[in-house]
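Just so we're on the same page, our numbering is the position in the sequence shown counted from 1, plus 40.
This report concerns only the one structure given below.
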Amino acid sequence: MILKSMGINALLQIITYLLFIGLTFKAIQALRFDQIIKRGHSGEGQVLLWLITIAIGYLCGSFFLTLFEQIHNLIYLIK
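The structure is reproduced here in structure tokens:
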């Protein structure tokens, strides 16, 4: 039972991270990122865009996963 719970938790984390990375990518596309990057360096700009997207998406996902975990743990304060 514990292993199944760990597997479900891992799947939930992966889905959460991918969801937030996708949301971050859509949000970053609203920026005029091409004006920041030097001409002729669009490849490096795309790599930077993906790294920033992954970093922000991971941080947001971690925040919400931790927040929900702590809210769930508040039950033990009441008992």
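Even glycine gets a Cβ: it sits at the ideal position worked out from N, Cα and C.
It should be emphasised that the depicted structure is a prediction, and the values quoted were computed from it without experimental measurement.
Exposed or buried, which one is THR93 when buried takes at least 16 other CB atoms within 10 Å?
-> buried
Would you check if the distance between the CB atom of LEU105 and the CB atom of THR56 is smaller than 8 Å?
-> Contact flag set, yes.
Is DSSP giving GLN69 helix, strand or coil here?
-> coil
Assigned secondary structure, GLY80 (DSSP; H/G/I helix, E/B strand, else coil) | coil
For LEU114, the first and last residue of its enclosing alpha helix (DSSP H) = First-last for LEU114: undefined, no H or E at that position.
Note down, in chain order, each residue of its chain lying with its Cβ closer than 6 Å to the Cβ of GLN75, except the 5 sequence neighbours on either side.
-> Closer than 6 Å at Cβ, skipping near neighbours: no residue.
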